[in-house]
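A.B. asks: Got a structure for you, written out below as C-alpha cells; questions coming shortly.
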Amino acid sequence: VITICQALQDTVVAIGAGDRAILIENVMGGEVAAADVSVRVREQRGIAASTPLVLYTGTFEPYQGLDLLYGAAARLKTTHPAARILIVGGDPDQVTAARVAAERDGLPVMFTGRRPPSEIPAYVAACDILVSPRTAGTNTPLKLYSYLRSGRPIVATDLRTHTQVLEPGTAVLVPPDPTAFAAAIGRLIDDPAERERVATAAAALAVRKYSRASYVERTREAYARLLGARALPAEAVAVTGSATAP
44 VITICQALQD TVVAIGAGDR AILIENVMGG EVAAADVSVR VREQRGIAAS
94 TPLVLYTGTF EPYQGLDLLY GAAARLKTTH PAARILIVGG DPDQVTAARV
144 AAERDGLPVM FTGRRPPSEI PAYVAACDIL VSPRTAGTNT PLKLYSYLRS
194 GRPIVATDLR THTQVLEPGT AVLVPPDPTA FAAAIGRLID DPAERERVAT
244 AAAALAVRKY SRASYVERTR EAYARLLGAR ALPAEAVAVT GSATAP
C-alpha cells in the first residue's frame, strides 16, 4: 500500500496494515518560472510590479477555504489597501459567481479561471506570498511541494492537512480565522526580510525531505519490498521518477 501523506499512513496503520504500507509523498514537479515570465503575468493582468500580490491556486471546493480567504481579503482592504489577491482555478460557473460576489463586496480579488498546469509556475513566480487557506481535510495539498520550492513565503492554516508537511518556520501557520489569516499576510507584506527568511526555510525543507532523490529512493524501497528483495538497482527507477520493474 502506497500512501501520499502521513494522515493516510496513520489510517493504514490503524486498520492493521502498516506492515504493508509505505509513505511516498507526491513531490515531483514544481519548476520555478523565469523572472521575465513572471513580469508578463503581472503586465497581462494590469498589476504593477510594486503591488503586493497574494496567490491562491486550486479548486473551489468548500474545504479549500476560499470563504476564509475572502474574509481575509475584506480585512486587507483596510489594513493594506494596495494588496491584491490572485485566484487561479475554478470551474467557469464558480468563477463567475465568485467574481460577481467579490465585485459586489469591493474585495481586492482577481480571478483567472483554470490555467494550464504549464502556466502555474509563472503565476507563482509573479506573486509575493502564496496561500493555502484550507479549513477541512487531512490530505496534503499537492501544491505545497511546489510552493516550498518556489522562493516565496507560504501562509497556511494551522491544520494537519498542512502541518504534516510544513515545519515551524517554513511557513506562517495561523488558525482558520479570517482576521488571523489577514494579519499573517499583512505581516509578510510589511516585512521583506521575514518573507525571505520563511521562503529560504521552505526551500531548505524541500531539499531535505521532499526532493526528487528522496522520492526515487522511496520508490525503490517500495519495489524492493514488493519483490521481496533487500535492494533494487538504481537503474530500475526511471529518470522521470517513475518506477519500472527490472
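Per this note's numbering: the sequence shown = residues 44 to 289. We treat Cβ as the ideally placed atom computed from N, Cα and C, and that holds for glycine. In this text, all values refer to a predicted model and were calculated from it rather than measured experimentally.
Please report the residue range of the alpha helix (DSSP H) in which Y190 lies.
C.D. replies: On the sequence shown, residue 190 is found 147 positions in, with the first residue counted as 1. Note, Y190: alpha helix (DSSP H), K186 to R192.
A.B. asks: From the DSSP output, in three-state form, read off F103 for me.
C.D. replies: Start at 1 with the first residue of the sequence shown, and residue 103 comes out as number 60. In the structure shown, F103 sits in coil (DSSP, three-state: anything other than H, G, I, E or B).
A.B. asks: Out of I58, L66, V56 and Y188, state which residue places its alpha-carbon closest to the alpha-carbon of P264.
C.D. replies: Translated into the one-based positions of the sequence shown, residue 264 becomes position 221. Note that residue 264 corresponds to Glu in the displayed sequence, not to Pro. The candidate whose alpha carbon is nearest that of E264 is L66.
A.B. asks: Nearest to D148 by alpha carbon, out of I58, K120, N69 and D220?
C.D. replies: Working through the sequence shown from its first residue, we reach residue 148 at position 105. Of the candidates I58, K120, N69 and D220, the one whose C-alpha sits nearest the C-alpha of D148 is K120.
A.B. asks: What are the boundary residues of the beta strand (DSSP E) that includes A179?
C.D. replies: On the sequence shown, residue 179 is found 136 positions in, with the first residue counted as 1. Run containing A179: none; DSSP gives neither H nor E here.
A.B. asks: What residues match up with I297 in a beta bridge as DSSP calls it?
C.D. replies: Examination of residue 297 is not possible in this model, given that the chain is present from 44 through 289 alone.
A.B. asks: Over what stretch of residues does the alpha helix (DSSP H) that includes T213 continue unbroken?
C.D. replies: Locating residue 213 in the sequence shown gives position 170, counting from the first residue. Under the DSSP assignment, T213 falls outside any alpha helix (DSSP H); it carries neither an H nor an E label.
A.B. asks: Determine contact between the stretch 188–201 and the stretch 244–259, defined as no fewer than three beta-carbon pairs at a distance below 8 Å.
C.D. replies: yes
A.B. asks: Per DSSP, which residues does V138 bridge with? Please list them.
C.D. replies: Position 95 of the sequence shown, counted from the first residue, corresponds to residue 138. None, per the DSSP bridge assignment.
A.B. asks: Is the beta carbon of R203 less than 8 Å from the beta carbon of A50?
C.D. replies: Here residue 203 corresponds to residue number 160 of the sequence shown, with the count starting at 1. Here residue 50 corresponds to residue number 7 of the sequence shown, with the count starting at 1. Against a cut-off of 8 Å, the Cβ pair of A50 and R203 comes out as a contact.
A.B. asks: Let me know the alpha helix (DSSP H) ranges lying completely inside the stretch 222–255, each 4 residues or longer, listed in chain order.
C.D. replies: 235–252
A.B. asks: May I ask you to verify whether the stretch 128–138 touches the stretch 205–224, counting CB pairs closer than 8 Å and requiring at least 3?
C.D. replies: no
A.B. asks: Please classify A60: is it buried, with 16 or more other beta-carbons within 10 angstroms of its beta-carbon, or exposed?
C.D. replies: As a first step, residue 60 must be located in the sequence shown, where it is residue number 17. Exposed, by the Cβ-count rule.
A.B. asks: Taking the alpha-carbon of Y253 as reference, which of T46, V55 and V70 has the nearest alpha-carbon?
C.D. replies: Position 210 of the sequence shown, counting from 1, holds the residue named residue 253. The shortest Cα separation from Y253 among T46, V55 and V70 belongs to V70.
A.B. asks: According to the Cβ coordinates, are L96 and D171 closer than 8 Å?
C.D. replies: Locating residue 96 in the sequence shown gives position 53, counting from the first residue. Locating residue 171 in the sequence shown gives position 128, counting from the first residue. Yes, the pair counts as a contact, with Cβ atoms nearer than the cut-off.
A.B. asks: Which class does G156 belong to by DSSP, given the choice of helix, strand or coil?
C.D. replies: Within the sequence shown, residue 156 is the residue found at index 113, counting from 1. Here G156 sits in strand by DSSP.
A.B. asks: Work out the CA separation of F103 and R240 for me, nearest whole Å.
C.D. replies: Counted from its first residue, the sequence shown places residue 240 at position 197. Counted from its first residue, the sequence shown places residue 103 at position 60. Their Cα atoms are separated by approximately 30 Å.
A.B. asks: Heavy atom of the ligand FMN less than 7 Å from the Cβ of R230, yes or no?
C.D. replies: You won't find the ligand FMN in this model; it holds no ligand whatsoever.
A.B. asks: In whole angstroms, what separates the C-alpha of P235 from that of V131?
C.D. replies: Mapped onto the sequence shown, residue 235 falls at position 192. Mapped onto the sequence shown, residue 131 falls at position 88. Spanning the two alpha carbons is a distance of roughly 24 Å.
A.B. asks: Taking only the alpha-carbon atoms, compute the straight-line gap between V250 and Y258 and give it to the nearest angstrom.
C.D. replies: Here residue 250 is taken as the residue at index 207 of the sequence shown, counted from 1. Here residue 258 is taken as the residue at index 215 of the sequence shown, counted from 1. Their backbone Cα atoms lie some 11 Å apart in a straight line.
A.B. asks: At what residues does the alpha helix (DSSP H) containing I163 begin and finish?
C.D. replies: Within the sequence shown, residue 163 is the residue found at index 120, counting from 1. For I163, the uninterrupted alpha helix (DSSP H) segment begins and ends at I163 to A169.
A.B. asks: If we ignore side chains and look at the alpha-carbon of each, how far apart do A91 and L150 end up?
C.D. replies: In the sequence shown, residue 91 corresponds to position 48, counting from 1. In the sequence shown, residue 150 corresponds to position 107, counting from 1. Between A91 and L150, the C-alpha separation is close to 18 Å.
A.B. asks: Looking at L173: is its Cβ nearer than 8 Å to the Cβ of Y188?
C.D. replies: Position 130 of the sequence shown, counted from the first residue, corresponds to residue 173. Position 145 of the sequence shown, counted from the first residue, corresponds to residue 188. No, the pair does not count as a contact, with Cβ atoms beyond the cut-off.
A.B. asks: Taking just the CA atoms, how far does T100 sit from P160?
C.D. replies: The residue given as residue 160 occupies position 117 in the sequence shown. The residue given as residue 100 occupies position 57 in the sequence shown. Cα-Cα distance, rounded: 11 Å.
A.B. asks: Helix, strand or coil, according to DSSP, for V44 in the structure here?
C.D. replies: In the sequence shown, the residue the question calls residue 44 occupies position 1. If DSSP states are grouped into helix, strand and coil, V44 belongs with coil.
A.B. asks: Is it buried or exposed, R238, if we count other Cβ atoms within 10 angstroms and call 16 or more buried?
C.D. replies: In the sequence shown, counting from the first residue as 1, residue 238 sits at position 195. Label assigned to R238: buried.
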